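In our numbering, the protein residues as written are 1 to 235. Where is the CB? At the ideal position from N, CA and C, for every residue including glycine. Note that the structure is predicted; figures quoted are calculated from it, not measured. Report on one structure; see the data block that follows.
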């Protein structure tokens with residue numbers, strides 16, 4: 001366990017001017033920032049240094065950010081923020097599929113980047129109130145940030161855990177997409193963004209694999225959003 005200190009951020013970005021500008025701003029706001037410019041070295045550095053958060057550009061020399069995210073996800077459980085070209089939906093969707101917790105378009109202002117980082121870090125902290133939710137055989141523990149179906153541990157990314165926790169808090173109630181965007185990403189749902197659908201799809205697969213008997217399910221409620229329930233409670 002490392003000593004308490006400033007939040008450690010690893011910024012993987014080959015644009016020297018942009019990386020230095022954003023890193024300076026983040027450091028002035030209390031974060032400790034290290035920069036890695038070579039995609040070929042990024043995965044090793046993430047796994048060895050274990051930063052509190054990773055900012056990962058998609059376009060990198062040596063190895064692209066999507067590939068890096070895919071490689072480190074099984075061994076690194078901190079939040080990963082992907083930087084993508086503005087409006088590049090393919091990168092955004094693929095980034096979420098390989099385990100990114102959020103994405104932000106480039107160019108991005110220092111203030112907006114800091115806000116996204118703080119939002120991701122807040123999600124990782126236990127909050128006051130109930131720390132456990134049970135839905136049938138599913139146990140979601142916010143203090144340890146673990147989810148289990150019976151004795152099976154479900155391997156979740158930071159974003160997937162936050163999504164599951166919110167669904168578990170509202171088990172039996174269809175949760176609208178716009179609510180998920182507001183609570184989990186802090187942005188308005190524009191009716192077009194598919195990122196939450198991708199995240200739910202990945203989470204649904206993992207829950208289904210753990211609950212092989214289908215005792216716990218995430219249903220799509222057409223025109224509304226998503227519902228976490230026990231199969232016995234479904235119509």
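- Beta-bridge analysis with DSSP links residue 211 to no other residue.
- In this structure, 99 is the residue among 61, 99, 60 with its C-alpha nearest to the C-alpha of residue 72.
- Under DSSP, residue 82 forms a beta bridge with 56, 103.
- When the beta-carbon positions are compared, residue 200 and residue 163 come within less than 8 angstroms of each other.
- Here residue 172 has 229 as same chain residues with Cβ atoms under 6 angstroms from its own Cβ, once five neighbours each way along the sequence are excluded.
- Residue 168 places its beta carbon 8 angstroms or farther from that of residue 122.
- The beta carbon of residue 178 sits closer than 6 angstroms to those of 189, all from its chain and outside the five residues before and after it, given in chain order.
- A distance below 8 angstroms separates the beta carbons of residue 83 and residue 56.
- Within the same chain, and ignoring the five residues on either side of residue 53 in sequence, the residues whose Cβ sits closer than 8 angstroms to its Cβ are 7, 8, 9, 10, 78, 79, 80, 81, 117, 120, 121.
- Bounds of the beta strand (DSSP E) holding residue 153 are 152-154.
- Counting only runs of 3 or more residues that sit fully inside the segment 114-202, the beta strand (DSSP E) segments are 132-135, 138-141, 146-149, 152-154, in chain order.
- Cβ atoms of residue 203 and residue 218 come within 8 angstroms of each other, at about 7 angstroms.
- Boundaries of the beta strand (DSSP E) around residue 225: 225-230.
- In the three-state reduction of the DSSP assignment, residue 71 falls in the helix class.
- Linking residue 175 to residue 16 through their CA atoms gives a straight-line distance of about 42 angstroms.
- Nearest to residue 51 by C-alpha distance, out of 58, 67, 85, 75, is 75.
- Residue 101 is positioned such that its CB atom lies no closer than 8 angstroms to that of residue 43.
- As a beta-bridge residue in DSSP terms, residue 219 pairs with 227.
- For residue 206 against residue 156, the beta-carbon gap comes to about 7 angstroms, under 8 angstroms, which counts as contact.
- Counting only the Cα atoms, residue 151 lies some 13 angstroms from residue 212.
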